[in-house]
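>
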Amino acid sequence: IIQVCSILTGDNETRELMGLVEAAQIFNFKKGLLITYDIEKTIDFKNIEIQMIPAWRWLLTKNLNYTSHGIKCAN
7 IIQVCSILTG DNETRELMGL VEAAQIFNFK KGLLITYDIE KTIDFKNIEI QMIPAWRWLL
67 TKNLNYTSHG IKCAN
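Sequential numbering from 7 applies to the sequence shown in our numbering.
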């Protein structure tokens with residue numbers, strides 16, 4: 007599951023994380039990816055591992071054929 011939020015603030019952080027967690031739970035995923043403007047860290051939120059990564063780094067990642075869950079994408 008991938009969520010995009012340019013800037014996380016106290017006002018929107020819980021909303022953005024809960025949206026990602028709810029989608030992950032629906033599809034029974036244990037991991038999610040949150041693409042941000044400049045945050046890079048991994049957190050555990052509601053038993054879902056959430057990797058936060060800046061958009062520029064995500065765009066330059068060489069493993070674009072894989073999801074955030076390590077599952078190979080269909081070509």
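Every residue gets a Cβ at the ideal spot worked out from N, C-alpha and C, and that includes glycine.
Kindly list the residues whose CB is nearer than 6 Å to the CB of ALA61, restricted to its own chain and excluding five residues on each side of it in sequence; keep chain order.
ILE41
> Taking the beta carbon of CYS11 as the centre, do at least 16 other beta carbons fall within 10 Å, making it buried, or is it exposed?
buried
> Can you name the residues that DSSP bridges to PHE51?
ILE54
> Do you know offhand how far GLY38's Cα is from LEU66's?
GLY38 and LEU66 have their C-alpha atoms spaced approximately 18 Å apart.
> So for ILE32, helix, strand or coil by DSSP?
helix
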